[in-house]
Amino acid sequence: MPPRDLTALIGAMVLLGLVVWGTAGRWSARVIGGLGLLIALVGCFYLYIVLAPASPTSALVATALFVGSAVLFRLLSTFEQ
C-alpha cells in the first residue's frame, strides 16, 4: 500500500480532474487553464516525492527533476501574467 501522502496527492489529482471535466462548460477558458495547471502542479509534487530519493544516485533523474521544475515554474509564471 502506498504512503498516505502519495495517496492523498493522487486523490487530489483525480478530484480536480473530475471538477474540471464536470464544470468545463460553466467556467471561462482562463479558469479552466488555471485548474489544468493546478492539476499539473499536484502531479509534479507527486513525482518529486517519488523520484527525489533516486536523484542522488542518478544524474538523469536529478537533471529531469531540475528541468521539470524550471518548466513548471515557467508555466505558472506565464499563467499569472
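Numbering of the sequence shown is given in the working numbering, commencing with residue 2 and proceeding in unit increments.
Glycine residues also receive a C-beta, built at the ideal position from the N, C-alpha and C atoms.
For A9, the secondary structure class from DSSP, reduced to helix, strand or coil, is helix.
The continuous alpha helix (DSSP H) containing G44 extends over residues A30 to L52.
In this structure, A55 places its C-beta atom within 7 Å of the C-beta atom of V62.
7 Å or more divides the Cβ of A13 from the Cβ of V51. Collapsing the DSSP output to three states places G26 in coil.
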